[in-house]
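Residue numbers for the sequence shown follow the UniProt record's numbering, beginning at 1 and rising by one.
C-beta: ideal position from N, C-alpha, C; glycine also.
Below: the structure, in structure tokens.
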Amino acid sequence: MKISTSCINFSALNSPGITMASIMGGPNNNKQQHPWSVIAVLLAFCLPNMQANAEQQSPAPKATHSQSDDKPTINPVSEEKSKHRQKAAAASSKPANHLNESGYSSKQVGIAGNPGAVNVLTGTGWLGQTLGLTEDTGVRLGGLWIGNADIQMSGRLAGSASFNSMGIVDLQLDLARLGGLPGASFGATFLQFDGQDSNGRGGVLTGYNGLTETEPLNRSELYQFWWRQSLLDDKVIVRAGKSIPTFDFNNVSRRLPVPDEKPYVAAVTGLLFTPIYVNPSILGVMPGYYNSAWGLTVTAAPTKTLYASYGIYDGSLARGRQTGTHAWPTFNSYYFNISEAGFSWVGDYPGKVAVGGWGQSGTLGTGNDLETGAQGIYATASNRLWNLDTTHGKGVVLGYLQYGINNSHTMMVNEFVGGGLSGFGLIPGRNKDSLGLGIGVSWLNNPPRSQSTEILTQFYYQAHVIGDVFFQPTFSYVPNPGIPNGAYGSYPSATSMIFQLVTLF
1 MKISTSCINF
11 SALNSPGITM
21 ASIMGGPNNN
31 KQQHPWSVIA
41 VLLAFCLPNM
51 QANAEQQSPA
61 PKATHSQSDD
71 KPTINPVSEE
81 KSKHRQKAAA
91 ASSKPANHLN
101 ESGYSSKQVG
111 IAGNPGAVNV
121 LTGTGWLGQT
131 LGLTEDTGVR
141 LGGLWIGNAD
151 IQMSGRLAGS
161 ASFNSMGIVD
171 LQLDLARLGG
181 LPGASFGATF
191 LQFDGQDSNG
201 RGGVLTGYNG
211 LTETEPLNRS
221 ELYQFWWRQS
231 LLDDKVIVRA
241 GKSIPTFDFN
251 NVSRRLPVPD
261 EKPYVAAVTG
271 LLFTPIYVNP
281 SILGVMPGYY
291 NSAWGLTVTA
301 APTKTLYASY
311 GIYDGSLARG
321 RQTGTHAWPT
331 FNSYYFNISE
341 AGFSWVGDYP
351 GKVAVGGWGQ
361 SGTLGTGNDL
371 ETGAQGIYAT
381 ASNRLWNLDT
391 THGKGVVLGY
401 LQYGINNSHT
411 MMVNEFVGGG
421 LSGFGLIPGR
431 NKDSLGLGIG
441 VSWLNNPPRS
451 QSTEILTQFY
461 YQAHVIGDVF
471 FQPTFSYVPN
481 PGIPNGAYGS
491 YPSATSMIFQ
501 LVTLF
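Structural data, given as structure tokens:
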């Protein structure tokens, strides 16, 4: 089995007395920032295993099947050719619907070199197979449904509950098989969301419940509509149309389909808070769940373990336009640009590091607090930390780190640091279950008088129920909610219990 994640972030210069925000032209919120320290932590997190793997690594076994997501023994771009031979999937956008690590063989390697070089598959494909659309037809029809009940145990509206439901139906066509167009594919996805403002009820800005986002909270969307083309012997991939940039960039947790194996739900982590899906330092400008956007993504994968990706998208989300609910783009002075480069390694402790930068054009802010454009950088690392052999099977422990910073004084967050641990297959007789914990610290721009930071902590247990159905209780604690209560007050610390059900089809 394997692991996966694709992420980003880098930090840059630092000298005594100089903060990263001041280098980039942004506020420092009266705190010393040490990006080089962050890099040191990321390297300390990953390099020991990189070195250990290099010392013991023998030629990786040749895979008999291509993997659609994160396995570096194969150039991930070439995996597109056989995506219809996989029973892979779950994974769209944001909600945690990834692949479990249990059952991993130490002879296998994990984590693909490039998240953008593999295709986005949602669900198991059971829906299409039930309708007679077998793998050899070149048509794949799948989807998922996620619902959660969020109980506020303490905080702004203690004792209240909110409910959220999200469904996705995904159609993908292999145009090489259907129309004789080598390397070409087409995808279209429909999304339906009905929910409530769970995060606002707790006074939380950055989001402990990642299933619900901005209004409108009842929406029907053309979520994806794109053409994907592989070129130059699968060394270059181009995707044009309406897509989900957070799948290709700054993706710290993504599902990992394995040949001949149905998807489980968690990958690097099954945490539900928003920082897992989009770095808070890019919140409000980067399209993703559930605000996908029209644009162009280009990926180069010259080797099995190196990649570089660039994307440019409709950036009108930055001025409050809900790009997900609009079928067509608005290309004016608002554009979102992002680039990312990453490296992965294999062996018993596979992992990945990635760095990226982004830029948003146009006028940002409201009232008299305005600025022209914003830029930022970010870095992420993920690594398998421990392999456990038991009489009941194999389990693993994974870890991840995130960092991001921008030069904006109008966006919600100026800087973010986060990390977490997850275990898969650790409980006897529960090989498809996972559990984990995470923390995220956001330094707020123009903070309310009550808080300058917002800290999210979360613990989850994801249990396999039956078939492709999973149940996940998740406990969240936010000691300092960032939404101000009146002119000077703050809301009390928030605790929440989320009960989430995931069904793949």
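Cβ neighbour criterion (16 or more within 10 Å) applied to residue i
| i | result |
| --- | --- |
| residue 428 | exposed |
| residue 76 | Legend: pLDDT at residue 76 = 33, less than 50; position of this residue unreliable, value from coordinates given subsequently. With 16 or more other Cβ atoms within 10 Å, it is buried. |
| residue 213 | buried |
| residue 246 | buried |
| residue 466 | exposed |
| residue 291 | buried |
| residue 131 | exposed |
| residue 232 | exposed |
| residue 243 | buried |
| residue 381 | buried |
| residue 215 | exposed |
| residue 226 | buried |
| residue 44 | With a pLDDT of 47 at residue 44, under the threshold of 50, the modelled position of this residue cannot be trusted; read the value that follows with caution. Label assigned to residue 44: exposed. |
| residue 327 | exposed |
| residue 372 | exposed |
| residue 218 | exposed |
| residue 368 | exposed |
| residue 370 | exposed |
| residue 303 | exposed |
| residue 182 | exposed |
Residues sharing a beta bridge with residue i, DSSP
| i | result |
| --- | --- |
| residue 127 | None, per the DSSP bridge assignment. |
| residue 336 | 313 and 360 |
| residue 196 | Paired residue(s): none; residue 196 is not in a bridge. |
| residue 243 | 293 |
| residue 387 | 396 |
| residue 173 | 139 and 186 |
| residue 441 | 417 and 455 |
| residue 221 | 191 |
| residue 371 | 364 |
Proximity below 8 Å, CB of residue i to CB of residue j
| i | j | result |
| --- | --- | --- |
| residue 444 | residue 413 | yes |
| residue 170 | residue 210 | no |
| residue 360 | residue 285 | yes |
| residue 308 | residue 318 | no |
| residue 273 | residue 207 | yes |
| residue 184 | residue 175 | yes |
| residue 276 | residue 500 | no |
| residue 186 | residue 173 | yes |
| residue 150 | residue 198 | yes |
| residue 405 | residue 281 | yes |
Residue i, DSSP secondary structure in three states
| i | result |
| --- | --- |
| residue 267 | coil |
| residue 325 | helix |
| residue 281 | helix |
| residue 427 | coil |
| residue 149 | strand |
| residue 435 | strand |
| residue 135 | helix |
| residue 276 | helix |
| residue 507 | Residue numbering for the chain in the displayed model covers 1 to 505; residue 507 lies beyond these limits and cannot be assessed. |
| residue 492 | coil |
| residue 456 | strand |
| residue 504 | strand |
| residue 468 | coil |
| residue 233 | coil |
| residue 318 | helix |
| residue 419 | strand |
| residue 248 | helix |
| residue 499 | strand |
| residue 210 | coil |
| residue 203 | coil |
| residue 485 | strand |
| residue 288 | coil |
Contact belief for residue i with residue j at Cβ below 8 Å, rounded distance in angstroms
| i | j | result |
| --- | --- | --- |
| residue 417 | residue 441 | 5 Å |
| residue 252 | residue 400 | 6 Å |
| residue 314 | residue 288 | Incorrect: roughly 13 Å between the Cβ atoms, too far for contact. |
| residue 483 | residue 200 | 7 Å |
| residue 344 | residue 357 | 20 Å between Cβ atoms; not a contact. |
| residue 464 | residue 433 | 6 Å |
| residue 435 | residue 420 | Between residue 420 and residue 435 the Cβ distance is about 11 Å, and since that is not below 8 Å, they are no contact. |
| residue 125 | residue 142 | 4 Å |
| residue 270 | residue 458 | Not quite, the Cβ-Cβ distance comes to about 10 Å (not below 8 Å), so this is no contact. |
| residue 548 | residue 334 | This structure does not reach residue 548, given that the chain is present from 1 up to 505, and the question cannot be answered. |
| residue 154 | residue 495 | 5 Å |
| residue 481 | residue 204 | 5 Å |
| residue 411 | residue 374 | 6 Å |
Any non-hydrogen atom of the ligand PLP closer than 7 Å to residue i Cβ
| i | result |
| --- | --- |
| residue 380 | For the structure depicted, the ligand PLP is absent and the ligand set is empty, with no information on it obtainable. |
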